[in-house]
Structures are given as structure tokens and as C-alpha cells.
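K.L.:
Numbering (our numbering), first residue to last: 474 to 654.
#1: Contact between the segment 503 to 515 and the segment 561 to 571 is defined here as three or more beta-carbon pairs at a separation below 8 Å; is this criterion met?
#2: Alpha carbon to alpha carbon, what distance is there between residue 586 and residue 629?
#3: Can you grab the Cα-Cα spacing for the pair residue 499 / residue 570, in whole Å?
#4: Who are the Cβ neighbours of residue 551 in its own chain at under 7 Å, not counting the five residues just before and after it?
#5: Which of the three DSSP states is assigned to residue 644 in this structure?
#6: Hey, residue 581 and residue 491: beta-carbon distance below 7 Å or not?
#7: Please classify residue 620 as buried or exposed, where buried requires at least 16 other C-beta atoms within 10 Å of its C-beta.
#8: Considering only the beta carbon of each residue, do residue 521 and residue 566 sit closer than 7 Å?
#9: Do you know offhand how far residue 623's Cα is from residue 635's?
#10: Return helix, strand or coil for residue 540, following the three-state DSSP convention.
#11: Work out the CA separation of residue 557 and residue 482 for me, nearest whole Å.
#12: Exposed or buried, which one is residue 594 when buried takes at least 16 other CB atoms within 10 Å?
#13: Taking 6 Å as the limit between beta carbons, can you name the residues of its chain near residue 574, skipping five residues before and five after?
#14: How about residue 506 and residue 517: do their beta carbons lie closer than 7 Å?
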């Protein structure tokens, strides 16, 4: 079960039994998250879908309407309100720009950074703007990658290097890392 903290429901018992997946677009946060939730018997939350439902717009439309900084504020606010127990939460790649959201996630769960090489991500991501990826004016995918990697490292409790791994191998590495935590 998950819920959004609201004014009507401001205080819920927070437990640190969630798993939060962060990383660049295209690393497989949602794919890995769904399978991991099934294996562990957890709920699955895709934070980007929660944002779209709350705002009643696609991510790319929010970015177009609000601009990059406006979108980051919306994303930060909504991610800081996502809560639950025994949830796998797949975040959007830009969640690390929101300090409140990341502090919240670190308080309610284990933050796992799914790390992939730039070359592989560059090959996977064809229509980056169509996916609703936050790019500042003049920024390309490589600039974005370099900027975000430091933030993912900063917030991660666990880093899973996915280089040369398939989905099953990534999940095995996550489960092994959680067993050793």
C-alpha cells in the first residue's frame, strides 16, 4: 500500500522498509522495479506515473508548460509526498535535483542507484525529449549524464553497476546487496 502525504493526512508512521531506485533514464528502473516487487512481495510505484496522475498531464507537457525549473519543483513536491510500506519506488531520472524528495526517500527506504555506462544509455535513448527527460537549454545527453552521476552517487545507499548485466543479473545483484545491508 502506498499513499501521498497530504494536509488531511500529514503524519504517517514512516518505516525504512522501502526500496527506491534512482538512475538515468533508460537504466531500467521501472522494469527492474516491477520484477523486484514481484520477487519480494512488495508494492510497485512508478513515481513518474504518480506525477502524471497528480498533474493530469504527461511529463513532457508539464515540462513544456512549467519549464525545467518548474517541472523540478513539481517532481520534488510529489516525490516528497510518496510514502508507503514495503514498496519498490522507481523514480524519474531528475528526482535527484529535489533535495526534499531525496531526503524523504533516504528516510523511508534504501536508495539504490542503477548505474549504466554513457555509451549504452546513448544507444538506448532515441527520443530523449519525447520521454519527458529534463534537459536544460543547450544541454545534451552527455552533459546530463556527467551532471547527474555525481548526484546519484551522493544519494545512493547502494550502487549497482549494470554494465554487461541483463535484467535478471541486475536483480540478483540488488538482492545480494540488500542481504548484506
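Where is the CB? At the ideal position from N, CA and C, for every residue including glycine.
P.N.:
Taking the structure as given:
#1: yes
#2: Working through the chain shown from its first residue, we reach residue 629 at position 156. Working through the chain shown from its first residue, we reach residue 586 at position 113. Residue 629 and residue 586: Cα-Cα distance of roughly 6 Å.
#3: Reading the chain shown from its first residue, position 26 is the one you call residue 499. Reading the chain shown from its first residue, position 97 is the one you call residue 570. So the alpha carbons of these two residues sit roughly 18 Å apart.
#4: The residue given as residue 551 occupies position 78 in the chain shown. For residue 551, where only same-chain residues beyond five positions count, the Cβ hits under 7 Å are 523, 524, 527.
#5: Translated into the one-based positions of the chain shown, residue 644 becomes position 171. It is helical.
#6: Sequence index remark: in the chain shown, residue 581 carries index 108 (1-based). Sequence index remark: in the chain shown, residue 491 carries index 18 (1-based). Yes, the Cβ-Cβ distance between residue 581 and residue 491 is below 7 Å.
#7: Taking the first residue of the chain shown as position 1, residue 620 is located at position 147. Classification for residue 620: exposed.
#8: Taking the chain shown and counting its residues from 1, the one referred to as residue 521 is at position 48. Taking the chain shown and counting its residues from 1, the one referred to as residue 566 is at position 93. Not closer than 7 Å, so no.
#9: Mapped onto the chain shown, residue 623 falls at position 150. Mapped onto the chain shown, residue 635 falls at position 162. Looking at the two C-alpha atoms, the distance is approximately 17 Å.
#10: Taking the first residue of the chain shown as 1, we reach residue 540 at position 67. Looking at residue 540 - three-state DSSP - the assignment turns out to be helix.
#11: The residue labelled residue 482 in the question sits at position 9 within the chain shown. The residue labelled residue 557 in the question sits at position 84 within the chain shown. Reliability of the predicted coordinates at residue 482 is poor, the pLDDT of 41 falling under 50, and no value is obtained from them.
#12: Indexing the chain shown from 1 puts residue 594 at position 121. So residue 594 ends up on the buried side.
#13: Along the chain shown, read from residue 1 onward, the residue named residue 574 stands at position 101. Result list for residue 574: 549, 552, 553, 568, in chain order.
#14: Within the chain shown, the letter at position 33 stands for residue 506. Within the chain shown, the letter at position 44 stands for residue 517. Yes; because the gap between Cβ atoms is below 7 Å, this pair is in contact.
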